[in-house]
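Peer 1:
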Amino acid sequence: MNNSVKTDDVIFNFFKQICDEKDDKKCVKLGNSWIRAMETNLANMEANLDEKDKIKHKENIQNNRDHLNSLKGKNSAEWKEYATKCMVEIMDDKL
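Just so we're aligned, residue 2 is where the sequence shown starts under the numbering used here, counting upward by one.
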């Protein structure tokens, strides 16, 4: 639980950076770095699954890939909206 809270805090602060960024290009760059980090995490998790679990979680893995692909090409305003929703969700989960 303690590690989860720390992870949520890191993610929350990253999304806060996106929301607070005044430079549109830097905001989009932060958003795109989020996509790359999550794609790397997803690939690493998948690589650590045995074949049985890969089959079991195939749909979830694809849903995550689809979600990340849907984030590609967002502009600054869209990233800020997405980041705000994520921050609200994190806060709601802490309550």
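Yeah, the Cβ is synthetic: ideal placement off N, Cα and C, and Gly gets one too. Keep in mind it's a predicted model, so treat the numbers as computed, not measured.
Taking 7 Å as the threshold (C-beta atoms), are serine 77 and cysteine 28 in contact?
Peer 2: What you label residue 28 is simply residue 27 of the sequence shown in a count that begins at 1. What you label residue 77 is simply residue 76 of the sequence shown in a count that begins at 1. Yes, these two residues count as a Cβ contact at 7 Å.
Peer 1: For asparagine 65, I'd like the list of residues in its chain whose CB is within less than 7 Å of its CB, leaving aside the five on either flank, ordered along the chain.
Peer 2: Numbered from 1 along the sequence shown, position 64 holds the residue referred to as residue 65. Result list for asparagine 65: Leu43, in chain order.
Peer 1: Around the Cβ of asparagine 70, are there at least 16 other Cβ atoms within 10 angstroms (buried) or fewer (exposed)?
Peer 2: By 1-based counting over the sequence shown, the position of residue 70 is 69. Label assigned to asparagine 70: exposed.
Peer 1: Note down, in chain order, each residue of its chain lying with its Cβ closer than 7 Å to the Cβ of methionine 2, except the 5 sequence neighbours on either side.
Peer 2: Against the sequence shown, residue 2 aligns to sequence position 1. Reliability fails at methionine 2, whose pLDDT of 47 lies under 50, so the model's placement of it is uncertain and no value is given.
Peer 1: Is glycine 32 helix, strand or coil by DSSP?
Peer 2: Indexing the sequence shown from 1 puts residue 32 at position 31. Helix, per DSSP.
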